[in-house]
Every structure is written in C-alpha cells, then in structure tokens.
Amino acid sequence: MQEKLYGGRFEGGQDKFFEKFSESLHFDKRLFDVDITGSQAFARALESVGILSAEERATIVASFEAIREEGQDAAYFAGATDEDVHSFVIRKLKEKAGAVADKIHTGRSRNEQVSLDTRLWLRASIESTIEATLGLMRALLVLAQKYPQAVVPGYTHLRRAQAVLWPHYLLAYFEMFARDVERLRQAHARTNVLPLGSGALAGSAFPFDREAIAKDLQFASITRNSMDVSADRDFALDYMHAANLVMLHLSRLSEDWILYSSEEFGWLELSDGVTSGSSLMPQKKNPDSLELIRGKCGRVFGAYSALFVTMKGLPLTYNRDMQEDKEPLFEVAEQTIGCLQMAAIVAQQVVLRPEIPEKACAESWVVATDIAEALSRAGLPFHQSHQVAGRLVLHGIKTGKNPAEFTAAELQAFDARFTPDFVDVLRDPRHGMQTRAVPGGTAPASVAKALREALERIESL
Ligand code: ARG
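Position one of the sequence shown corresponds to residue 4 (the numbering used here), numbered consecutively onward.
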C-alpha cells in the first residue's frame, strides 16, 4: 500500500485487510479528471494567498496537466494501491513535481475535495442526462408528427376507455420528460455551488477568495456553511431522485410499447435493430431493449435508496460512510443516460400501424362516453344519459353489433331520444373527439396546438 496523506500520528501500519476494505480507487478513479481540475484551481488559490509562488503554482498546474494526459491510458492505474483517487493523484504529483507538491493540501481537506470533485463530476453528468432526455423528447415529437391523425384507444385499467389521437398519447410522455428536465435543472443548480474553502468542517484558515475560486471553476455561487459542506450529499440525492423519475417514466413507456407491439395488440412494430430472437423458437422477435430499460429500474431505484439509507442518522459532519455515495451515484447516472439513449433509438425506429388501433376502437365501445355526453348536450341529465348509453352498449354486446353498425332507425327504435345525428357519434370516434376542445384535451385542433407548442417549448427547455 502506498504512503498515505496522513501518518505522523500512527505507530502501527494498517491491517492489510482493512487497507483493501477501505480502498475506493477502483471506483472513484472516475473522478480523476475533475480531481485534477479542482486541484489546479486550488493551486491558483494557494498562489493568491501567498502559499505558492507563481513559479511553484506553474510547476504544479503543469504537472497536473501532464498527469491528466498520462491518466488517459487505463494502464496508468494498474497495480495502484492508493486509498482513493485523491491520494493517487497527490502521489503522482509528488513523483512529477517533487517537494513543492507537499504544499498542495495547505488549508484543504479531502472532505471538501470529495464534495468538490463529486459536484464537478455530477454537474457534467446532469448536463448529459438533460441532453439525453431532450433527445428522447425530440424523437417522441418526430414520432407524433409521423402519424398526426392516427386514432388509438386510451386505456384505464388496461381496458379500452376513450379514443385519443396518437400525438396526444405521445405528448403525455413529453410532459413527464419536460418535468424531468425541470427537476434535473433544479438538481444542477443545487450541485453547481462551490464547497472549496470549507476545510475539514470548520472553514479554511487561509484567506481564500472563495468567489474567485467559484469563478475559476465556473460555479454559480459558494456554499454558506462549512459544516453543511462536510455533511451534505443532498445534491447527489436530488439528482438521483430526478433520475429515478426519468427511469420510472421510461419504464412505463417501455411497458406500454412492449404491450402495443405484442401480437395481442399489434399496433407497433419495433425495428429489428432493437429486438432479439430466441435460440429455440424461430418465430420470436422479442422487445429486449424495452425490457432491459424496464429491468434496469431495479438497479437504479435500489441505488437511490442505498444512498438515502446510508445518509440517514449520520452525525454531523463527515463520516466515512459517505464514501459509499459514489458507486450508487455513478450507477444511477450511467444507467439513466444509457436508458434514455436506448429509448430514443427505439422511438426513432418504431412504426405505427394506424389501422389496427383504429379497428380496436371501432370494435369496442370507446364512443360510449361521447353518446352519453351528446344526450346531455340535448338536455338529458347526465346520470340518465349514462344509463341510456350503458343500455345501448349492453344491447350492442348482446347482439354482437359494433357501434358503427347501428342505423338511425335502429337507434330511434331503441330509445326515442337518439335523434338521427347520433349515427355520426357512433360511426367514428373522431366525432366525439372534436368535442374535447379544452386546452389539454384530445380534439384535433387542441392536439395540433399542443404539438406546435411542444416543438417550440423544447427549444427553451
Ligand atoms: N475517499 C473518501 C471519500 O470518498 C475521501 C474523504 C476522506 N476523508 C476522511 N476524513 N477520511 O469519502
């Protein structure tokens, strides 16, 4: 094991098992790049408080840059036995820059460094998550525009409920992902705050210009309490919450499309590119891409609750438990971004067969509500309209007749309140759809407007 960032206080060495047990380099090496960026800014701060000369600062910053370069090769980490990425980088700095490297931890603790690195890393990861979410949203809008007039059954209880336009259905997901982007931006704002200058927990003893360091590292502001910094992982949990909701929405979309592309529904055709076959059953075309998205929710939700539980009950301020934040956080970001990208590819390549959901509408009683509402529009109290329409549905089911098969005369004979214009209501669900013209409803004009607005909104999200 390598020399540590501490030692004077100890007489005995660490137990070999403990060294291995506590080591985090194998996963926190992901912070290598941001650790260097943060330390370079800290070297400039040390110069400004007179700890480093301009020459020493230049040596340190250049050495860090060389280390960053060398670290691009994974072999750079092979065989390293340092406690964590921060110790690893400092060892490399000592090897490269010599004695001057000993000054780099002046007034700086790993507690704030780990917060800084995590924030720098997460800031970029949130930006990637937002980009990937917007990518999927764009794919959904393109898919909506491909079939602007297609009519599909909307479901409650997974039973055909009322007919809606295909773009209306897709815009429901657009709204979910738009809220996700909002939440991700909020998580970004809470992450984008400079912790450096907090010391171990009590604040640095050197007069750093924290605002200047924030500017150097492009943070929007500085933290207000040093103890809070050492104890805080809220920003990571904020992101994980936002990402978990992204995954929840992706899982529901996947579930829908797994069903809609099944033989039982048959409306969607997933592309060959995102499906797999069976090693035994030659006819199979399985929706594995969507199943994997749905399945990965287990890992991502688990990672979120893992950190949540880790943080619960920790006394202020830093505790080593908090090192357990990284693997769940990395896991959530990696899986969420990957699932978003996968879903966008599925959406770009999926094909709707509009005649099949249209037939599903025609063969069921998705117009029943339209009938009841038309009766009420003609003056019948809704409770009675509901009864009349319900009896007509039962009659249709018993006689094996679809709504479009009823003639005006048959309707009149069934109930005198069915005037001839009811034939139109029964013939085509688009008729009733026209009436749902409130903002947010599925009337074609409302949907066209919502789609136009979505295309504009996405530009400013
Ligand atoms: N590897 C540690 C972590 O990720 C760095 C902080 C160490 N601080 C300490 N007091 N041991 O949490």
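C-beta atoms are modelled at their ideal positions from N, C-alpha and C, and glycine is treated no differently.
- Residue environment analysis places Asn228 among the exposed positions, since fewer than 16 neighbouring C-beta atoms fall within 10 angstroms of its C-beta.
- Straight-line spacing of the CA atoms in Ala203 and Asp324 works out to 16 Å.
- The DSSP-derived three-state label of Gly399 is helix.
- For Val64, the closest alpha carbon among the candidates Phe80, Ser42, Ile54 is that of Ser42.
- Secondary structure at Arg162: strand, using DSSP grouped into helix, strand and coil.
- Rounded to whole angstroms, Asp212 and Leu240 show a C-alpha spacing of 29 Å.
- DSSP places Glu86 outside both helix and strand once states are collapsed to three, so it counts as coil.
- Contact between the region 295 to 305 and the region 240 to 259 is present, with at least three C-beta pairs closer than 8 Å.
- In this structure, the beta-carbon distance from Ser279 to Ser233 does not fall below 9 Å.
- Linking Glu408 to Asp427 through their CA atoms gives a straight-line distance of about 11 Å.
- Taking C-beta atoms as the reference points, Ala57 and Glu68 fail to come closer than 9 Å.
- The C-alpha of Val167 lies about 22 Å from the C-alpha of Gly399.
- Counting C-beta atoms within 10 angstroms of its own C-beta, Asp87 has 16 or more neighbours from the protein chains shown and is therefore classed as buried.
- As computed with DSSP, Glu22 is found in no beta bridge at all.
- Within 8 Å of the C-beta of Val117 there is at least one heavy atom belonging to ligand 1.
- For His29, the Cβ stays outside the 8 Å cut-off from all heavy atoms of ligand 1.
- When the five nearest sequence neighbours on each side are left out, the beta carbons in the same chain lying within less than 8 Å of the beta carbon of Leu343 are those of Thr132, Ala135, Thr136, Gly138, Leu139, Val249, Leu253, in order along the chain.
- Partner residues in a beta bridge of Asn405, as assigned by DSSP, do not exist.
- Per DSSP, reduced to three states, the secondary structure at Pro156 is strand.
- Take His171, set aside five residues on each side of it, and the residues of its chain with a beta-carbon closer than 7 Å to its own are Thr445, Val450, in chain order.
- Going by DSSP, Ile374 is part of the alpha helix (DSSP H) stretching over 371 to 380.
- Burial is judged here by how many other beta carbons sit within 10 angstroms of a residue's own beta carbon; Phe20 has fewer than 16 and is exposed.
- For the set Glu358, Thr320, Thr410, Val349, the Cα lying nearest the Cα of Val145 is the one of Val349.
- Within 10 angstroms of the beta-carbon of Asp424 lie fewer than 16 other beta-carbons, which makes it exposed.
- Ala377 places its beta carbon 9 Å or farther from that of Gly393.
- In this structure, Asn195 lies away from Phe177, with their beta-carbon atoms at least 9 Å apart.
- Across the structure, Val303 and Glu334 are spaced so that their CA atoms are roughly 7 Å apart.
- Here Leu220 is not near Gln116, since their CB atoms are 9 Å or more apart.
- Counting only runs of at least 3 residues, the region 198 to 283 fully encloses no beta strand (DSSP E) element at all.
- Inter-residue distance for Ile374 and Leu383 is about 12 Å (C-alpha atoms, whole angstroms).
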